[in-house]
Amino acid sequence: MKALTINSNQNKIEDIKISEMEKPQILDDEILIKVHAVGLNPVDYKMAEGHNPNWSYPHVLGLDAAGEIVQVGKTNPKDFKVGQRVFFHDDLTKNGVYAEYAKAKYNIVGKIPDNVTYQSAAAILCSGLTAYAAIFRKMNLTGKKTILIHAGAGGVGSIAIQLAKHLGLTVITTVSEKKKDFVKKIGTDYIIDYKNQDTDEMIKQITSGIGVDVIINDVGGIESQRDLNRLAYNGAVVDILNVPDIIHYNLSAKGQSVLSLNLGGAHQGKTPSQLDDLGVMADSLVKLVSQGVVDPLITKEISFAEIPDGLELLKKHQTVGKIVATV
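Going by the UniProt record's numbering, 193 is the number at position 193 of the sequence shown; the sequence numbering is gapless.
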């Protein structure tokens, strides 16, 4: 089969090549999928540049795939059948999904509704599941009214905005000037141009000095630290890249919480219930897509051979929404 691979001595996007690889051999608790579409994520180019110590080479890249089942292992509690349309978020320590065929453990796989395309299903995995987990797994939204979502035009942010609006929250997001129209169209209530406006001052104005109830931070850096002072009483921040230093900050004074989220960590954690939940969340999220509640916001569709170019666009922050590739 054809696959996009990288070797041990390579660490640039331009090093990614199309190679001929053996079709994956499945274990009893796995299924084999003929891949029809894949989603591109920032983590994909970061892994191509940084690699993982568990990789063997040449390594197949990619984490998010949608396709058709062509083989089912002996252990099959979800009653998968050959020909079913499915999608899944893969384990970054193993060979990935930028290939004609990929395998996955049955418990992380979701079924695609008839009215959802392969492209839409592939588009909502890594970023969509991260947004879903932040809101529906990490946060307690009882009594909460406002949410700050950083980088609202990105993959995580754009899905998080839609989920938050679906739940009736007032949404504030940070974007650059050129991305304002994009986040406005998906329902954002307040838009902060973080390059030209003071985010702290804007939040004080919007919330009348109270602060926001919840925050989703997928930009990391200094913003993780600054978010602490943006929280209201009993507020919580979900950090995806790095958590703030709380040695000199008294969370208990206002009953606040700092939560971290590592979607792919479910694979390394090996807790069965958490691995199962990847499939549960995928099914729940794709149902919202099927119902028209969530738009995957695909802004660019490319060919299999163009995936490295797409990853370069992600690295340079030249995109909004989601890039998907047809295999």
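Using N, Cα and C, we set each Cβ at its ideal position, and we do this for glycine too.
Use the C-beta contact count for residue i: other C-beta atoms within 10 angstroms, 16 or more gives buried, fewer gives exposed.
| i | result |
| --- | --- |
| D114 | exposed |
| T319 | buried |
| N217 | buried |
| I246 | exposed |
| G187 | exposed |
| E201 | exposed |
| S208 | exposed |
| D181 | exposed |
| I222 | exposed |
| P272 | exposed |
| A305 | exposed |
| S120 | buried |
| Y249 | exposed |
| S158 | buried |
| Q162 | buried |
| H59 | buried |
With DSSP collapsed to three states, give me the class of residue i.
| i | result |
| --- | --- |
| I26 | coil |
| G67 | strand |
| K322 | strand |
| Y57 | coil |
| L125 | coil |
| Q304 | A quick correction: the sequence has Phe, not Gln, at residue 304. Looking at F304 - three-state DSSP - the assignment turns out to be helix. |
| L259 | strand |
| H166 | helix |
| I203 | helix |
| T142 | coil |
| A236 | strand |
| V38 | strand |
| T271 | coil |
| E49 | helix |
| D193 | strand |
Going by beta carbon distance, what residues of the same chain come within less than 6 Å of residue i, once the five residues before and after it are set aside?
| i | result |
| --- | --- |
| V214 | M139, K144, I147 and A236 |
| residue 350 | Residue 350 is absent from the model: the chain starts at 1 and stops at 327. |
| I302 | G310 and A325 |
| H267 | D91 |
| S224 | N217, D239, N242 and P244 |
| Q84 | I69 |
| L288 | V294 |
| K166 | Looking at the sequence itself, residue 166 is His, so the reference to Lys does not match. So the list reads V293, once near-sequence residues are dropped. |
Would residue i pass as an interface residue toward chain D - the criterion being a Cβ-Cβ separation below 8 Å?
| i | result |
| --- | --- |
| G155 | Although the question refers to chain D, the structure presented lacks it and comprises just one protein chain. |
To the nearest whole angstrom, what separates the beta carbons of residue i and residue j, a pair I think is in contact under 8 Å?
| i | j | result |
| --- | --- | --- |
| V156 | S127 | 5 Å |
| T199 | I210 | About 16 Å separates the two Cβ atoms, so there is no contact after all. |
| L40 | G96 | Actually they do not touch by this definition, with Cβ atoms about 12 Å apart. |
| I203 | I172 | 7 Å |
| Y118 | P24 | About 19 Å separates the two Cβ atoms, so there is no contact after all. |
| L231 | V212 | 6 Å |
| N7 | Y57 | 5 Å |
| A164 | V183 | Between V183 and A164 the Cβ distance is about 12 Å, and since that is not below 8 Å, they are no contact. |
| S290 | V116 | 5 Å |
Taking residue i as the reference, give the member of the options with the closest Cα.
| i | options | result |
| --- | --- | --- |
| L261 | N234, N76, L129 and V280 | L129 |
| A160 | V294, M21 and F304 | V294 |
| L169 | K195, F182, V116 and L141 | L141 |
| D28 | I246, K287, F80 and K2 | F80 |
| A66 | A37, M21 and L167 | A37 |
| K78 | K111, K94 and Q268 | K111 |
| G321 | V327, L297 and T174 | L297 |
| residue 412 | N54, I124 and Q10 | Examination of residue 412 is not possible in this model, given that the chain is present from 1 through 327 alone. |
| A151 | T174, A133, Q162 and A164 | T174 |
| N196 | I206, D189 and K178 | K178 |
| Y194 | S284, K17 and R226 | R226 |
| V1 | E22, H166 and I69 | For the sequence presented, residue 1 should be read as Met rather than Val. Here the closest residue by C-alpha is E22. |
| T5 | K34, A99 and S284 | A99 |
| E68 | A122, D15 and G220 | A122 |
| G220 | M281, I149 and S284 | I149 |
| N9 | W55, L259, G269 and L167 | W55 |
Tell me which same chain residues have a C-beta within less than 7 Å of the C-beta of residue i, skipping the five on either side of it?
| i | result |
| --- | --- |
| I108 | F88, H89, L275, L278 and G279 |
| Y233 | K254 and G255 |
| N52 | L92 and T93 |
| K270 | none |
Under 8 Å Cβ to Cβ from residue i, same chain only, skipping five residues before and after it: list those, please.
| i | result |
| --- | --- |
| V43 | L63, L92, C126 and G264 |
| I13 | Y45, A48, E49, P308, L311, E312 and K315 |
| Q71 | I26, I31, L32 and V82 |
| T299 | T319, V320, G321, K322 and I323 |
| S284 | Y132 and F136 |
| S19 | K2, A3, L4, T5 and P58 |
Looking at the ligand FAD, does it come within less than 7 Å of residue i, judged from the CB to the closest heavy atom?
| i | result |
| --- | --- |
| I159 | Here there are no bound small molecules, and the ligand FAD is not part of this structure. |
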